[in-house]
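Asks: Respectively, the protein sequence lines represent chains H and Y. Per my numbering, the very first residue in the first sequence carries number 1; after that it's consecutive. Per my numbering, the very first residue in the second sequence carries number 213; after that it's consecutive.
Number of protein chains: 2
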Amino acid sequence: MARQVTGAARRVADAAEALRDEKFNARRIELAEAALETLGELGFARTSLREIAQNSAFTHGVFHYYFSDKLDLICCCVRHYKAKCVTRYDEVVATAKNRDELTEGFLGKLAATLRNEARMHRLWYDLRSQAMFEAAFRKDVLEIDKSLEAMIWRIASRYAELGGKRPASSSAALYALFDGLFQSALLRHLAGDKTAIPDLLDEVRRLLPTVC
Amino acid sequence: MARQVTGAARRVADAAEALRDEKFNARRIELAEAALETLGELGFARTSLREIAQNSAFTHGVFHYYFSDKLDLICCCVRHYKAKCVTRYDEVVATAKNRDELTEGFLGKLAATLRNEARMHRLWYDLRSQAMFEAAFRKDVLEIDKSLEAMIWRIASRYAELGGKRPASSSAALYALFDGLFQSALLRHLAGDKTAIPDLLDEVRRLLPTVC
DNA sequence: ATTCGTTCTTGACAAGTGTCAAGATTCTGG
DNA sequence: CCAGAATCTTGACACTTGTCAAGAACGAAT
Numbered sequence: 001m002a003r004q005v006t007g008a009a010r011r012v013a014d015a016a017e018a019l020r021d022e023k024f025n026a027r028r029i030e031l032a033e034a035a036l037e038t039l040g041e042l043g044f045a046r047t048s049l050r051e052i053a054q055n056s057a058f059t060h061g062v063f064h065y066y067f068s069d070k071l072d073l074i075c076c077c078v079r080h081y082k083a084k085c086v087t088r089y090d091e092v093v094a095t096a097k098n099r100d101e102l103t104e105g106f107l108g109k110l111a112a113t114l115r116n117e118a119r120m121h122r123l124w125y126d127l128r129s130q131a132m133f134e135a136a137f138r139k140d141v142l143e144i145d146k147s148l149e150a151m152i153w154r155i156a157s158r159y160a161e162l163g164g165k166r167p168a169s170s171s172a173a174l175y176a177l178f179d180g181l182f183q184s185a186l187l188r189h190l191a192g193d194k195t196a197i198p199d200l201l202d203e204v205r206r207l208l209p210t211v212c
Numbered sequence: 213m214a215r216q217v218t219g220a221a222r223r224v225a226d227a228a229e230a231l232r233d234e235k236f237n238a239r240r241i242e243l244a245e246a247a248l249e250t251l252g253e254l255g256f257a258r259t260s261l262r263e264i265a266q267n268s269a270f271t272h273g274v275f276h277y278y279f280s281d282k283l284d285l286i287c288c289c290v291r292h293y294k295a296k297c298v299t300r301y302d303e304v305v306a307t308a309k310n311r312d313e314l315t316e317g318f319l320g321k322l323a324a325t326l327r328n329e330a331r332m333h334r335l336w337y338d339l340r341s342q343a344m345f346e347a348a349f350r351k352d353v354l355e356i357d358k359s360l361e362a363m364i365w366r367i368a369s370r371y372a373e374l375g376g377k378r379p380a381s382s383s384a385a386l387y388a389l390f391d392g393l394f395q396s397a398l399l400r401h402l403a404g405d406k407t408a409i410p411d412l413l414d415e416v417r418r419l420l421p422t423v424c
């Protein structure tokens, strides 16, 4: 019976610990989300823990309590960012009944992203560049890059399928192409170029039928 | 005669001033070149003026004498970097007598660049990302981006010409494609992925005939 | 050789950085 | 209700940062 009691106690203790862990992790994500605000505003180079704390409802000590150091915090930010990003076009892909619907849905989301989430995306490009210097970022960044490539591939192969074809390029090339176009458009958009978004849409509209 | 004398004096003074200016500018470039070493090693975020000075033959005060502030220095670095970069493939384009020669010349330079100048190129991607946050960088960065796009366009249109064709895509799309592929390969290469370079070469070799 | 302008060195300053530890507060199980 | 753990605040630390000013070293013209 002692064994049963300890067994039950163990289960309870485990459950409690799991709950604590979950709560701990939820808090980490809250903090990461707050940090993303400031990171998107200032970029990696100019963002300090204190600045993050001041632009949020937290004090700078809390960040040290939940993260072992600054890199740990930013890695958590990056990972969290990924989850939001990767499913952006999935609904469009799932619901589009023909090529035109897919095209327009894709272009619409593309334009909206560029317009409304420019800050988050410049941060992504910033952190991807940081990964070229800081080994600690590489694993997460490479993983996100893979996910984004897969996301583009889902769009492209669905587009091809709706035309009874197969994508004409490799997944890597398609991702490079769209990512390169988006990056360039983002920079121009942030520089105040009003034609950046329409130019991107034109380009993608023209490109889609030729690559898929 | 007084007029002649003052005229001559003016000419002499002007020449002296031009000489001083030239010397001043040459020194700026020396300093920028030294700064590029450290920037390529550490990236924008982690590079300080003192670190630059310590990794060079200069003291940190000299940088303040020749540059109004840190941004001024880095802008000068970026501009100087541009000049070196943009002509990289010109000889190959000028001398290649057929598609195969152009392909092999291009791929050779591509691989060599990735292998030997990875640090300079990760710095370029870093600074291009910084330009999304720091308006002071934008003008120079956008200009360099244009030059690089033109460089790719020269290769592509020559390749097309050697096959009696015209490039099948816009200049913007071609640049986005190759830049995206290069950026991805660079990150993988820096992460220690031995297949990054051969994969890039394969991809480009396959792509060239389909886009031009 | 002396003077004057250019070039460079040195040291200092204030502000900002990541980190941490001591203690206040809040939560929770008994 | 209360003790102990979890969570959070505050303030301090050692250090780095960009900037600058005072003056030394240098070069060239007189």
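Glycine included, C-beta positions come from ideal geometry on N, C-alpha and C.
1. Answer yes or no: do Y:Tyr-387 and Y:Ile-364 have a C-beta to C-beta separation smaller than 8 Å?
2. So, under 8 Å CB-CB, Y:Leu-251 and Y:Thr-315 are touching, yes? Tell me the CB distance rounded to an integer number of Å.
3. Using DSSP with H/G/I as helix, E/B as strand and the rest coil, what is Y:Tyr-301?
4. Are H:Arg-99 and H:Gly-164 close, meaning C-beta to C-beta below 8 Å?
5. Hey, would you say the C-beta of H:Ala-160 is under 7 Å away from at least one heavy atom of the ligand ATP?
6. Got a sec? Which residues, its chain only, sit under 8 Å from Y:Phe-390 by beta carbon, not counting five neighbours each side?
7. Once the 5 residues before and after Y:Lys-282 are set aside, which same chain residues still bring their CB inside 8 Å of it?
8. Closer than 8 Å, CB to CB, is Y:Phe-270 near chain H or not?
9. Residues of chain H with CB under 8 Å from Y:Leu-389, in chain order?
10. Is H:Met-120 near H:Tyr-81, with beta carbons less than 8 Å apart?
11. Which chain H residues sit within Cβ distance under 8 Å of Y:Asp-357?
12. So what's H:Glu-117 in DSSP terms, helix, strand or just coil?
13. Answer yes or no: does any C-beta atom of chain H fall closer than 8 Å to that of Y:Glu-263?
14. Does the structure place the region 262 to 279 of chain Y close enough to the region 295 to 308 of chain Y that three or more beta carbon pairs sit under 8 Å?
15. As an exercise, report each continuous alpha helix (DSSP H) stretch of at least 4 residues that is fully enclosed by the region 128 to 211 of chain H, in chain order.
16. Does H:Phe-67 pass the burial test, meaning 16 or more other C-beta atoms within 10 Å, or should it be called exposed?
17. Y:Gly-273 lies in the alpha helix (DSSP H); which residues open and close that run?
18. If you count every other CB in all the chains shown that lies within 10 Å of the CB of Y:Glu-346, and 16 or more means buried, which is it?
19. When the distance is taken between beta carbons, is H:Arg-46 closer than 8 Å to H:Cys-76?
20. Counting contacts by CB-CB distance shorter than 8 Å, is H:Arg-138 in contact with chain Y?
21. Looking at chain Y, which residues of the region 159 to 171 of chain H have a Cβ within less than 9 Å of any of its Cβ atoms?
Replies: This is what the structure gives:
1. Here the question's residue 387 of chain Y lines up with position 175 in the second sequence. Here the question's residue 364 of chain Y lines up with position 152 in the second sequence. Going by C-beta atoms, Y:Tyr-387 is nearer than 8 Å to Y:Ile-364.
2. By 1-based counting over the second sequence, the position of residue 251 of chain Y is 39. By 1-based counting over the second sequence, the position of residue 315 of chain Y is 103. Not confirmed; about 33 Å, so no contact.
3. Taking the second sequence and counting its residues from 1, the one referred to as residue 301 of chain Y is at position 89. Coil.
4. In the first sequence, residue 99 of chain H corresponds to position 99, counting from 1. In the first sequence, residue 164 of chain H corresponds to position 164, counting from 1. 8 Å or more divides the Cβ of H:Arg-99 from the Cβ of H:Gly-164.
5. This structure does not include the ligand ATP; it has no bound ligands of any sort.
6. For the purposes of this step, residue 390 of chain Y is identified with residue 178 of the second sequence, where counting begins at 1. Counting only Cβ-Cβ distances below 8 Å, and skipping sequence neighbours, we find Ile-364, Val-416.
7. As a first step, residue 282 of chain Y must be located in the second sequence, where it is residue number 70. Closer than 8 Å at the Cβ level, and outside the excluded window around Y:Lys-282, lie Leu-261.
8. By 1-based counting over the second sequence, the position of residue 270 of chain Y is 58. By this cut-off, Y:Phe-270 is not an interface position.
9. Translated into the one-based positions of the second sequence, residue 389 of chain Y becomes position 177. Correct list: Ala-173, Ala-176, Leu-177, Gly-180.
10. Numbered from 1 along the first sequence, position 120 holds the residue referred to as residue 120 of chain H. Numbered from 1 along the first sequence, position 81 holds the residue referred to as residue 81 of chain H. In this structure, H:Tyr-81 lies closer than 8 Å to H:Met-120 by Cβ.
11. Translated into the one-based positions of the second sequence, residue 357 of chain Y becomes position 145. Residues of chain H passing the Cβ test: Ser-184, Leu-187.
12. To locate residue 117 of chain H, count along the first sequence from 1; it is residue 117. Three-state DSSP puts H:Glu-117 in coil, outside helix and strand.
13. Sequence index remark: in the second sequence, residue 263 of chain Y carries index 51 (1-based). No - not a single Cβ of chain H is within 8 Å of the one on Y:Glu-263.
14. no
15. 135 to 162, 171 to 190, 196 to 211
16. Start at 1 with the first residue of the first sequence, and residue 67 of chain H comes out as number 67. Counting Cβ neighbours within 10 Å, H:Phe-67 comes out buried, since at least 16 surround it.
17. Residue mapping note: residue 273 of chain Y aligns to position 61 of the second sequence, counting from 1. From DSSP, the alpha helix (DSSP H) with Y:Gly-273 extends over 272 to 278.
18. Walking along the second sequence from the start, residue 346 of chain Y turns up at place 134. It counts as buried.
19. Residue 76 of chain H sits at position 76 when you count from the first residue of the first sequence. Residue 46 of chain H sits at position 46 when you count from the first residue of the first sequence. Contact flag unset, no.
20. Locating residue 138 of chain H in the first sequence gives position 138, where the first residue counts as 1. So, interface residue.
21. Ala-168, Ser-169, Ser-170
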